[in-house]
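Here is the structure we will look at, set down as structure tokens.
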Amino acid sequence: MEKEEIMERMSFVMHGEYLRRVRVYDNENNEIVIKVDLHGMCRESAQKALNNIIAIIRSPFILDVIHGYNGGTVIKQMIHEYLKNSKIVGHRSPQWNPGETLLLIA
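So the number in my numbering is just where the residue sits in the sequence shown, counting from 1, plus 15.
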């Protein structure tokens, strides 16, 4: 799936400010990465946004979630404990940034 097609699909479920929080790029391994910044969102809105992204993209990708950690860990906790989807095959938090979680989506 091409980056332009991914952004077009995202525009169906995310609008305005939320769509500006998303960036799509290829990493050094030529894997598609969708980076989304959830700073300032409530738990329910963040969960809905992540579920929508996972549902509309039909190819494997890495979902790089920026949730922050200084102002609280509600979104991080939601990702690690409550975000359930059969397309999520793994997750990890980079050692260099505790305010970020990488979800591996199949």
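We put the beta carbon where it would ideally sit given N, CA and C, even for glycine. These numbers come from a predicted model, not from an experiment.
Query: Extent of the continuous beta strand (DSSP E) run through ARG38; Result: 37 to 41
Query: Whether ASP79 touches ILE49 by CB criterion (8 Å); Result: yes
Query: Close-in-space but distant-in-sequence residues of the same chain around GLY83 (CB under 6 Å, 5 per side omitted); Result: HIS54, GLY114
Query: Beta-carbon contacts of SER26 that lie in its chain and below 7 Å, excluding the five residues immediately before and after; Result: LEU34
Query: According to DSSP, residues forming a beta bridge with LEU20; Result: Reading off the sequence shown, one finds Glu at residue 20, where the question assumed Leu. BP columns for GLU20 are empty, so no partner.
Query: Within 8 Å, strictly: CB atoms of ILE103 and PRO75; Result: no
Query: Cβ-based burial, ALA70 [other Cβ within 10 Å; buried from 16]; Result: exposed
Query: Identity of the residues DSSP links to HIS106 by a beta bridge; Result: LEU118
Query: Among ALA64, MET29, MET22, GLY31, the one whose alpha carbon lies nearest that of TYR40; Result: MET22
Query: Cβ separation of ALA61 and MET93, assumed to be a contact under 8 Å, to the nearest whole Å; Result: 7 Å
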